[in-house]
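Chains as they are written, first to last, in this note's numbering: chain A, 1015 to 1855; chain B, 160 to 365. Yeah, the Cβ is synthetic: ideal placement off N, Cα and C, and Gly gets one too. Notes follow the structure.
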Amino acid sequence: MTAPTDADVVPVTVNGVEVEANAGELLIDACERNGVYIPRFCHHPRMKPVGMCRMCLVEVDAGRGASLQPSCMLPCTPGMIVDTESDLTKKAQDGVLEFLLINHPLDCPVCDKGGECPLQDQTMAYGPGESRFVEEKRHYEKPIPISDTVYLDRERCILCDRCTRFASEVAGDPLIHFQDRGSQTQVNTFPDEPFASYFSGNTVQICPVGALTAKPYRFKARPWDLEEVDSTFPNPMGDRVNVQSSRDRVLRIQGVDSDATNWGWLTDRDRFSFEALSHDQRLVTPLVRGDSLGNATDDGDELVATSWAVAVERAASAITASLEAGGAESIGVIGGANLTTEAQYVWAKLAKGVIGTDNVDAQLGDGLPAQVVTALPRNTISDAMAPGSAVVLLVDDPKEQFGTLFLRLRHAAVEGDITIVELSPIASGLGSLVTVGAHARPGDVGAVARAIVDGRTDVEVGGVEPAELQAAAAALAARAVTVIVGRPSVAEQAGPIIDAIAAFTELESVSFLPLLRRGNISGALDMGLTPGMLPGRTTLAEGGEWYRAAWGTVPADSGLDTAGMLEAAVDGSLTTLVLLGADPLADFPDADLASRGLAACRTVIAVDIFASSSVANADVVLPAAGFAEGAGTHTNLEGRLSPLMQKVNPPGTARADWLIAAELAWALRADLGIESPESAWAEIERLAPSHAGATVEQVRAAHDGLVIPRPDDAGADRPAMVSFSAPVPTEIVPVDGYALRLVADRRLYDQGTIVQHCASMAHQSDLARISMHPLDAAALGVRDGDLVRVTSARASIELPARPDRCVPRGRAVIPLNRAGADVRALIDLATVVTDVRVATL
Amino acid sequence: MSRLSPENVTIAEEIIARYPRPKSALIPLLHLAQEQDGHVADDAMTHVAELVGVTPAEVLGTCSFYEMFKRHEVGTYVVNVCTNISCQLLGGEELLHHAETVLGVKAGGTTDDGLFTIEDVECIAACTEAPCLQVNYRYRYHVTNDDFDQLVDDLRAGRATDVPEHGVLATVRQRIAGDRLAGVVPPEVATEAPVWLPDPAEERAR
Ligand code: SF4
Ligand code: FES
Ligand code: FES
């Protein structure tokens, strides 16, 4: 934010004291900034003012005599004289409250909001002691479900328009609306069309009364019984949250307004994910192979409970045995993207500095190489969406996967002067807010980006017509461009995306926001949980010497990625595999390779919070602490560090991930020298080139977190950070006229472990369906709902079809990880793209 | 119950084309839906939502504001009896009571044969002619009980030719000459005054 110049300052007298307001600032905000709180219900800092509730009436003299005016609708003007405590103001507040309570049921004793209710609080502070209303109140059916998770009690509603404004203005899902306006006004949905918004939980948080309540929290606790702490939600955005618990159980997560990231919003999937934390299927004790009587035996068929000492010893001896038989290369680590940044460092140190293997990969074949991601010049979200800038989207649909970023993009597109060019293979949930939809055919996006950057826009490229190419070039011209890049489809390999990145690096003013899957993936890549890299965005070659001095040893050569490790397991050269919260059976694009690889390993050691399918087949299972059960630091897509705080204890004997690494090291007769997350961070700050100058204290103190690398040159004496070099471009695969090119993307609700362990979300995951353009469907004789056979060079699956206008011609979209059919069977990682043929059954 | 018929979709598209933004055609389209079914059916609202690009909840939000959009089936003849002050003083309530007795339904109800719906309305702006009522929004003034009985007989016999069919507000559909169309210039990009307003330059000259 820039400091206000004199012209921006408006002098205003509030209760006899002259204060400075910013030009255009609303009186209610100016007063609040200067320590005078005006009561309000409908005003919300992240939404447009509507003046619905009249609670903010204050006496204002703007030169024509004093009168009552709603301060949430009134921009400050020079010389305004405001009295928020005059008799008239008080009478107005008193009167407004009496009116608001006329139809209010006063059922506070059975209301979830009681104790934290603005209506209750303001009635106590400003209201009349008594009502003169003796007539019958309005009656409605007590709470009606307006969606799977949200209940509406219309009797309590004070018609402030917050929820409805949120739905239309912020989320763009106007599925709730005022109806029967007049003396019978109520908020409601259209009959049989629920408020099925991915963001519905936010309305519960901002409702100033108890009219909207969320199923997962209803009647679970009283606000005064809750303990709370501000923390960070471990998603790629690093949303700021307030975690609330009672009796050692997380009961609610609320969004916290951070200017830099989520602006107070959360997606329902994140907001209600706490349900999984206290699920009774959490892993609570270490498990090892044993017999059906529960005795730990090396070759038992079952997983039996055991002590940490036995489990860690088994894990350590498996690692030692592999080390002796096949060297460090026979050991691999997959996963770690959901750990805290500290735990990621500790695991990287254990793998690379103690065991000595570089077979470490936090991504499961659905990411981008760390050498690319960590080398790109990054931007912040706020700068990327500043007026006058341009954004290129080459990621999963942000609405489905990165909800709060979607809300920021949506806001920027609606309110700000930004242009958005979509290169992803299919249109995102931004719909018509996108300036140009240049939806590149999978495999061709590198060529499309190249054409846009070079201005060669006179012929069709990669399924994008010249008109779109020209529009895209025009939308990016003379603007600061931020490319938000990830992997929009696992059926398209990383090569073409990297080619697109390479093309965009040639733009005059360009920066990137790498948006990859899994919570703390940015931290994992920064901490070297990836082949060829070391903590602090440096490579083995560049930083090997430096880390060898600190750690004692560092692998000499670059190791294998997840696919490589699984193949090595199949051919017998990799014998021990550690899964760090990873479930390759469900999550690796080649399910067959994953199952053969895991089966072939002599020992699989799994560190996890749930017994996923991969974990169930492991030999040693170590239960880990989940979100809010341990402290640390989170890294978001911008490289923003923010604190993760502990609120409750892990269940059973589950332990923090960093501690598990330290114990395993100890059992391997090595001392990592780390006693706490803080000591791990101190070491990161001392060693990692990108983290120089980012101390624990600084991270904790900054309200909006701290972006690394720091601008100063504290890391000047450290190894150089990796720099981007464009690889040899990937060959373009010619189009097969009889086939559709496959896009395998992700949706918000799927069969993922967390969603499936949350009672309020599990059933929201739909069946897998194949969508294609209606004309393609017609050409194939496929109608809505028909069961079709989809065949690739590798396999064929059967699933229902759905014609969808949003899918470009010649493409077919099947979501990953949905019940019904597994699209992964079709995908061959060895080919850049997957073409499928569709036939009716 | 029913979406707009193909003929009505054609009319709807013509109506939508008159406005700079499709959404502005919402209310005329609701009239069209009411004309088709005699009331605005849920499916019609969903259809209108699709046609103008808003959600059904938004359509309902607008539709439910207006008393004269009926969201449930009503009789062929909707009879509104005024009971506001002038009419009340001159026997409006008695007239309503008489109507209820004659037709055998309470205000708000519809007769079993589906012919009549009686409603109790607030002032319909004909106070000088009190007590008064409307049948499908056509006025009847100084209504006595006998007048009312006569009216019911006439309607049953099809003799009240000035009363349009249920759902029909105007007997002629609005037609706007091409040069008087609002045009397709969204307000935010309009540079000149609309055609029906005097040209600001001319105004100044005068
Ligand atoms: S439900 Fe709550 S947020 Fe919505 S209008 Fe009513 S009081 Fe406001
Ligand atoms: S806060 Fe100003 S009118 Fe509601
Ligand atoms: S009071 Fe009946 S028309 Fe005015």
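Are any of the Cβ atoms in chain C nearer than 8 Å to that of residue i?
| i | result |
| --- | --- |
| residue 196 of chain B | Included in the structure are the protein chains A and B, with no chain C among them. |
According to DSSP, simplified to helix, strand and coil, what is residue i?
| i | result |
| --- | --- |
| residue 1610 of chain A | helix |
| residue 1422 of chain A | helix |
| residue 308 of chain B | helix |
| residue 1660 of chain A | coil |
| residue 1328 of chain A | helix |
| residue 165 of chain B | helix |
| residue 196 of chain B | helix |
| residue 1863 of chain A | Nothing about residue 1863 of chain A can be reported from this structure: the residues present for chain A run from 1015 to 1855 only. |
| residue 1334 of chain A | helix |
| residue 1520 of chain A | coil |
| residue 1730 of chain A | coil |
| residue 1094 of chain A | strand |
| residue 1064 of chain A | coil |
| residue 1556 of chain A | helix |
| residue 275 of chain B | strand |
| residue 1572 of chain A | coil |
Near residue i, what residues of its chain come up, given a Cβ to Cβ distance below 6 Å and the 5 sequence neighbours on each side ignored?
| i | result |
| --- | --- |
| residue 1085 of chain A | 1041, 1042, 1052, 1070, 1072 |
| residue 1080 of chain A | 1073 |
| residue 189 of chain B | 199, 222, 228 |
| residue 1061 of chain A | 1179, 1183 |
| residue 1648 of chain A | 1246, 1248, 1252, 1534, 1656, 1658 |
| residue 1653 of chain A | 1392, 1721, 1722 |
| residue 1023 of chain A | 1034 |
| residue 1095 of chain A | 1027, 1075 |
| residue 1067 of chain A | 1055, 1056, 1174 |
| residue 1670 of chain A | 1639, 1644 |
Would you please state the rounded distance, in angstroms, between the beta carbons of residue i and residue j? I believe it to be under 8 Å.
| i | j | result |
| --- | --- | --- |
| residue 1348 of chain A | residue 1369 of chain A | Residue 1348 of chain A to residue 1369 of chain A, Cβ: 14 Å. No contact. |
| residue 1414 of chain A | residue 1443 of chain A | 7 Å |
| residue 1167 of chain A | residue 1159 of chain A | The pair is not a contact, with the Cβ atoms about 11 Å apart (cut-off 8 Å). |
| residue 1634 of chain A | residue 1263 of chain A | Not confirmed; about 28 Å, so no contact. |
| residue 1504 of chain A | residue 1841 of chain A | 7 Å |
| residue 239 of chain B | residue 278 of chain B | 5 Å |
| residue 307 of chain B | residue 254 of chain B | 7 Å |
| residue 1592 of chain A | residue 1619 of chain A | 5 Å |
| residue 1818 of chain A | residue 1785 of chain A | 4 Å |
| residue 1691 of chain A | residue 1354 of chain A | 7 Å |
| residue 1762 of chain A | residue 1801 of chain A | The pair is not a contact, with the Cβ atoms about 25 Å apart (cut-off 8 Å). |
| residue 1454 of chain A | residue 1478 of chain A | 6 Å |
| residue 1528 of chain A | residue 1651 of chain A | 6 Å |
Can you name, in chain order, every residue of its own chain whose Cβ lies under 8 Å from the Cβ of residue i, other than the five neighbours on each side?
| i | result |
| --- | --- |
| residue 1112 of chain A | 1141, 1142, 1145, 1146, 1147 |
| residue 1609 of chain A | 1599 |
| residue 1613 of chain A | 1631 |
| residue 257 of chain B | 304, 307 |
Here's a check: name, in chain order, each residue in its chain whose Cβ is nearer than 7 Å to the Cβ of residue i, leaving out the five neighbours to either side.
| i | result |
| --- | --- |
| residue 1018 of chain A | Because the pLDDT of residue 1018 of chain A is 47, which lies under 50, any placement of that residue in the model is unreliable, and the number read from its coordinates should be weighed accordingly. Once the five neighbours on either side are set aside, the close Cβ partners of residue 1018 of chain A are 1036. |
| residue 283 of chain B | 239, 241, 291, 293 |
| residue 1016 of chain A | Residue confidence for residue 1016 of chain A is low, a pLDDT of 44 falling below 50, so the modelled location carries little weight and cannot support an answer. |
Inset, instruction - Take every Cβ of the region 1665-1684 of chain A, pair it with every Cβ of the region 1228-1241 of chain A, and state whether three or more of those distances are shorter than 8 Å. - result: no
Inset, instruction - Can you check the region 1403-1463 of chain A for any alpha helix (DSSP H) of at least 4 residues that lies completely inside it and give the ranges in chain order? - result: 1412-1415, 1417-1429
Inset, instruction - Decide if the region 1727-1745 of chain A is in contact with the region 1754-1762 of chain A; the criterion is three or more beta carbon pairs, one per stretch, under 8 Å apart. - result: no
Inset, instruction - Tell me the start and end of each unbroken beta strand (DSSP E) in the region 213-263 of chain B that is at least 3 residues and wholly inside, in chain order. - result: 236-241
Legend entry - Touch test, the region 1375-1382 of chain A against the region 1712-1731 of chain A, Cβ-Cβ under 8 Å, three pairs minimum: no
Legend entry - beta strand (DSSP E) runs wholly inside the region 1206-1274 of chain A, at least 3 long, in chain order: 1226-1228, 1241-1246, 1254-1260, 1263-1269
Legend entry - At least 3 beta-carbon pairs within less than 8 Å: the region 1325-1339 of chain A vs the region 1694-1707 of chain A: no
Inset, instruction - Assess, as a yes-or-no matter, whether the region 1348-1363 of chain A is touched by the region 1539-1549 of chain A under the definition of 3 or more beta carbon pairs within less than 8 Å. - result: yes
Inset, instruction - Determine contact between the region 1488-1505 of chain A and the region 1398-1411 of chain A, defined as no fewer than three beta-carbon pairs at a distance below 8 Å. - result: yes
Legend entry - Ranges of the alpha helix (DSSP H) found wholly within the region 1589-1636 of chain A, counting only runs of at least 4: 1598-1601, 1605-1614, 1627-1630
Legend entry - Contact the region 1195-1202 of chain A vs the region 1131-1139 of chain A: 3+ CB pairs below 8 Å: no
Inset, instruction - Spell out a yes or no on whether the region 1830-1849 of chain A and the region 179-186 of chain B are touching, meaning 3 or more CB-CB pairs, one atom from each, closer than 8 Å. - result: no
Inset, instruction - Tell me, please, whether the region 1316-1324 of chain A touches the region 1287-1302 of chain A by the rule of three or more beta-carbon pairs shorter than 8 Å. - result: yes
Inset, instruction - Entirely within the region 1686-1769 of chain A and at least 4 residues each: give me those alpha helix (DSSP H) ranges in chain order. - result: 1691-1701, 1710-1715
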